[in-house]
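Worksheet for the structure shown next.
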Amino acid sequence: MRIDRLETFLVAPRWLFVRIEADSGQVGWGEASLEGHSDTVRAALTQFAEYLIGRDPLTIEDHWQVLSKSGFYRGGPVLASAVSGIDQALWDLAGHHLGVPVHQLLGGAVRDRIRAYGWVGGDDPSEIADAIQAQLDVGLTAVKMNASGRMSRNGSVAELDAVVRRVAAAREVLGPNRDIAVDFHGRFTLATARRIAPLLEPFHPFFLEEPVVPENSHAIGALVTSTTIPVATGERLYSRQEFLPVLQAGIAVAQPDLSHAGGISEVRRIASLAEVYDVQLAPHCPLGPLALAACLQVGFATPNYLIQEQSIGIHYNQGAEVLDYVLDKEPLKFVDGAIERLTRPGLGIEIDEAAVRAADAKGHEWRSPVWRYDDGSLAEW
Ligand SMILES: [Mg+2]
1 MRIDRLETFL
11 VAPRWLFVRI
21 EADSGQVGWG
31 EASLEGHSDT
41 VRAALTQFAE
51 YLIGRDPLTI
61 EDHWQVLSKS
71 GFYRGGPVLA
81 SAVSGIDQAL
91 WDLAGHHLGV
101 PVHQLLGGAV
111 RDRIRAYGWV
121 GGDDPSEIAD
131 AIQAQLDVGL
141 TAVKMNASGR
151 MSRNGSVAEL
161 DAVVRRVAAA
171 REVLGPNRDI
181 AVDFHGRFTL
191 ATARRIAPLL
201 EPFHPFFLEE
211 PVVPENSHAI
221 GALVTSTTIP
231 VATGERLYSR
241 QEFLPVLQAG
251 IAVAQPDLSH
261 AGGISEVRRI
271 ASLAEVYDVQ
281 LAPHCPLGPL
291 ALAACLQVGF
301 ATPNYLIQEQ
311 SIGIHYNQGA
321 EVLDYVLDKE
331 PLKFVDGAIE
341 RLTRPGLGIE
351 IDEAAVRAAD
361 AKGHEWRSPV
371 WRYDDGSLAE
381 W
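In structure tokens:
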């Protein structure tokens, strides 16, 4: 079997899909979405295709090694996302070729279902109550929300108070048996994060996410030691090597993104490394159906797996929905807060190729917002 063709599809709302076809007719799909930079990743994929065409699609690890390391310059979100999309597509293709789901190729299932959480927006505590209720109504038992919008470099009393009131409102709706995770989104300075974290402890957040920007990962240990809330990070870390310092600093939850951190192959290894530090995985996934399916396949075969983010109904998916691109929506439905084990071959979902081709004809130009402080300087989004 030889790889005949690699195609890419830029589809709404902000995703990039990869389709690899072998000369046998076997097909694999993956997702290389890099929010705001998918066109750049598409160019990297075109270059990687030069190497892959004519080669055996089943030597997945060797392709991972060559694409990740042989270009001399390596790492970073663009190249790692391109590798991730190819890696997922090759695992999908291998699963179809062998007639088994990817988690079977990773050693078989260690669980029957994976708990999932949904996003809630809303700035006003009353909006939060409605947004959380909407997620509970679709069958979820855990949610995540941003701690705040734009946050001053040194958070004011009013800003800190607003964060506390929002989390308190969420706990009020959820009660003691459901969970609320709080995402700082890299918007807080370390000093402000340290000040706010103890104030949130009475509301028992499930975890506190990205308290510092990834380039300041060396500072995350100071936050870890200042609060009893489990600290999470990792959606902007792209390899085992980048996870090692935050694991050593004492984070509780690792959040690699299957479309940014080297795909199924590397995230499986990050999970194993995390296990050594007694850290649980909760992969980042506000992305499309292929990234979600790739996460779930790793999760079904990985013991230290806490929960799965997913973007079905997320507030910033505009123009298309996760389920718009799958033929059978049933496998991705929530049952008692979880997604049941995907049993079909490969990634375990069936892509609606006609819908993907039609969406690619329109494309998208999604970009991250640019936020500024009142003095005109750049603020973290
Ligand atoms: Mg986040």
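Here the UniProt record's numbering is used: position 5 in the sequence shown is 5, and no number is missing along the way.
The C-beta atom is built at its ideal place from N, Cα and C for all residues, glycine as well.
Thinking C-alpha only, which one of M151, I307 and P245 is nearest G186?
Counted from its first residue, the sequence shown places residue 186 at position 186. Distance check between G186 and each of M151, I307 and P245 places M151 closest, using alpha-carbon atoms only.
Where T225 and G250 are concerned, what is the direct C-alpha to C-alpha distance, given to the nearest angstrom?
As a position in the sequence shown, residue 225 is number 225, starting the count at 1. As a position in the sequence shown, residue 250 is number 250, starting the count at 1. Spanning the two alpha carbons is a distance of roughly 8 Å.
Residues in the same chain with beta-carbon distance under 8 Å from H96, minus the five sequence neighbours each way, listed in chain order, please.
On the sequence shown, residue 96 is found 96 positions in, with the first residue counted as 1. The residues are Q26, V27, G28, P345 and G346.
In whole angstroms, give me the CA-to-CA distance for L247 and V11.
For this step, residue 247 is matched to residue 247 along the sequence shown. For this step, residue 11 is matched to residue 11 along the sequence shown. So the two alpha carbons sit approximately 35 Å from each other.
Please report the straight-line C-alpha distance between V370 and I128, rounded to a whole angstrom.
To locate residue 370, count along the sequence shown from 1; it is residue 370. To locate residue 128, count along the sequence shown from 1; it is residue 128. Approximately 24 Å, taken between the alpha carbons.
Might you give, ordered along the chain, the residues of its own chain that have their beta carbon closer than 6 Å to the beta carbon of A89, omitting 5 neighbours on each side?
Position 89 of the sequence shown, counted from the first residue, corresponds to residue 89. Cβ neighbours of A89 beyond the five flanking positions: V18, I20, G28, W29 and G30.
Contacting residues, own chain, Cβ-Cβ under 6 Å from T40 (five flanking each side not counted)
Here residue 40 is taken as the residue at index 40 of the sequence shown, counted from 1. Within the same chain, Cβ atoms closer than 6 Å to the Cβ of T40 are found at V78, the five residues on either side in sequence being excluded.
Taking three-plus beta-carbon pairs below 8 Å as touching, is the region 264-282 in contact with the region 320-328?
Contact between the region 264-282 and the region 320-328 is absent: fewer than 3 CB-CB pairs across the two stretches fall below 8 Å.
Which same chain residues end up closer than 8 Å to A232 when comparing Cβ atoms and leaving out the 5 residues on each side of it in sequence?
In the sequence shown, the residue the question calls residue 232 occupies position 232. Answer for A232: A181, F207, L208, E209, E210, I251, A252, V253, A254, Q255 and A282, listed in chain order.
Counting C-beta neighbours from all protein chains within 10 Å, is the total for W366 16 or more, i.e. buried, or is it exposed?
Indexing the sequence shown from 1 puts residue 366 at position 366. Flag for W366 reads buried.
Would you report the Cα separation of residue 382 and F72, rounded to the nearest angstrom?
Residue 382 falls outside the range modelled here, since the chain spans only 1 to 381, and no answer is possible.
Using a threshold of 6 Å, is the CB atom of E210 nearer than that to any non-hydrogen atom of ligand 1?
Taking the sequence shown and counting its residues from 1, the one referred to as residue 210 is at position 210. Indeed, a heavy atom of ligand 1 lies less than 6 Å from the Cβ.
Got a sec: is the Cβ-Cβ distance from V213 to anything in chain B below 7 Å?
Of the protein chains in the structure, only one exists, and it is not chain B.
Taking the straight line between their C-alpha atoms, what separation do you get for L105 and A94?
Counted from its first residue, the sequence shown places residue 105 at position 105. Counted from its first residue, the sequence shown places residue 94 at position 94. Each residue's Cα considered, the two are about 9 Å apart.
Which stretch, first to last residue, makes up the beta strand (DSSP E) that contains A116?
On the sequence shown, residue 116 is found 116 positions in, with the first residue counted as 1. In this chain, the beta strand (DSSP E) harbouring A116 covers R113 to V120.
Tell me whether the region 123-141 and the region 157-177 touch, counting them as touching only if at least three CB pairs, one residue from each stretch, are closer than 8 Å.
The answer is yes - the region 157-177 touches the region 123-141, with three or more Cβ pairs under 8 Å.
When you compare each of D92, Y117 and W64 to I351 by their alpha carbons, which one comes out closest?
The residue you call residue 351 lines up with position 351 of the sequence shown. Nearest option by C-alpha distance: D92.
With the cut-off set at 7 Å, would you say L52 and L6 are in Cβ contact?
Counted from its first residue, the sequence shown places residue 52 at position 52. Counted from its first residue, the sequence shown places residue 6 at position 6. For the pair L52 and L6, the CB atoms are nearer than the 7 Å cut-off.
Can you determine whether any heavy atom of ligand 1 sits closer than 6 Å to the C-beta of E21, and answer yes or no?
Here residue 21 is taken as the residue at index 21 of the sequence shown, counted from 1. False, no ligand heavy atom lies under 6 Å from that Cβ.
DSSP-derived helix/strand/coil call for T192
Here residue 192 corresponds to residue number 192 of the sequence shown, with the count starting at 1. For T192, the three-state secondary structure derived from DSSP is helix.
Between which two residues does the alpha helix (DSSP H) harbouring V246 extend?
In the sequence shown, counting from the first residue as 1, residue 246 sits at position 246. Note, V246: alpha helix (DSSP H), R240 to Q248.
Could you give the first and the last residue of the continuous alpha helix (DSSP H) run that contains K69?
Here the question's residue 69 lines up with position 69 in the sequence shown. It spans I60 to K69 - the alpha helix (DSSP H) in which K69 sits, taken as one unbroken run.
Within this structure, are the beta carbons of A291 and L258 separated by less than 7 Å?
Here residue 291 refers to the residue found at position 291 of the sequence shown. Here residue 258 refers to the residue found at position 258 of the sequence shown. For A291 and L258, yes; Cβs fall inside 7 Å.
Within 10 angstroms of the Cβ of K333, are there 16 or more other Cβ atoms? Answer buried if so, exposed if not.
Here residue 333 refers to the residue found at position 333 of the sequence shown. Under a 10 Å Cβ-count criterion, K333 is classified as exposed, with fewer than 16 other Cβ atoms of the shown protein chains found around its own Cβ.
Residues bridged to R372 by DSSP?
Residue numbering aside, residue 372 sits at position 372 when the sequence shown is read from its first letter. Bridge partners of R372 according to DSSP: L378.
Can you look up I180 in the DSSP assignment and give me helix, strand or coil?
Looking up residue 180 in the sequence shown gives position 180. In this structure, I180 counts as strand in the three-state DSSP scheme.
Is it buried or exposed for Y373, if we count other Cβ within 10 angstroms and need 16 for buried?
Within the sequence shown, numbered from 1, the residue matching residue 373 stands at position 373. Around the Cβ of Y373, a 10 Å sphere holds fewer than 16 other Cβ atoms; the residue is exposed.
By the DSSP assignment, the alpha helix (DSSP H) with G28 in it spans what residues?
Within the sequence shown, the letter at position 28 stands for residue 28. Segment V27 to E31 is the beta strand (DSSP E) holding G28; no alpha helix (DSSP H) there.
On the DSSP bridge list, what partners appear for K144?
In the sequence shown, residue 144 corresponds to position 144, counting from 1. Assignment of beta-bridge partners to K144 by DSSP yields W119 and A181.
List the endpoints of the continuous beta strand (DSSP E) containing A232.
Residue 232 sits at position 232 when you count from the first residue of the sequence shown. Segment V231 to T233, the beta strand (DSSP E) holding A232.
For G299, name the three-state secondary structure that DSSP assigns.
Along the sequence shown, read from residue 1 onward, the residue named residue 299 stands at position 299. Three-state result, G299: helix.
Can you determine whether any heavy atom of ligand 1 sits closer than 6 Å to the C-beta of E235, and answer yes or no?
Locating residue 235 in the sequence shown gives position 235, counting from the first residue. Within the cutoff, so yes.
With a threshold of 6 Å, establish whether the CB of D183 neighbours any heavy atom of ligand 1.
Looking up residue 183 in the sequence shown gives position 183. When distances are taken from the beta-carbon of D183 to the heavy atoms of ligand 1, the shortest one is below 6 Å.
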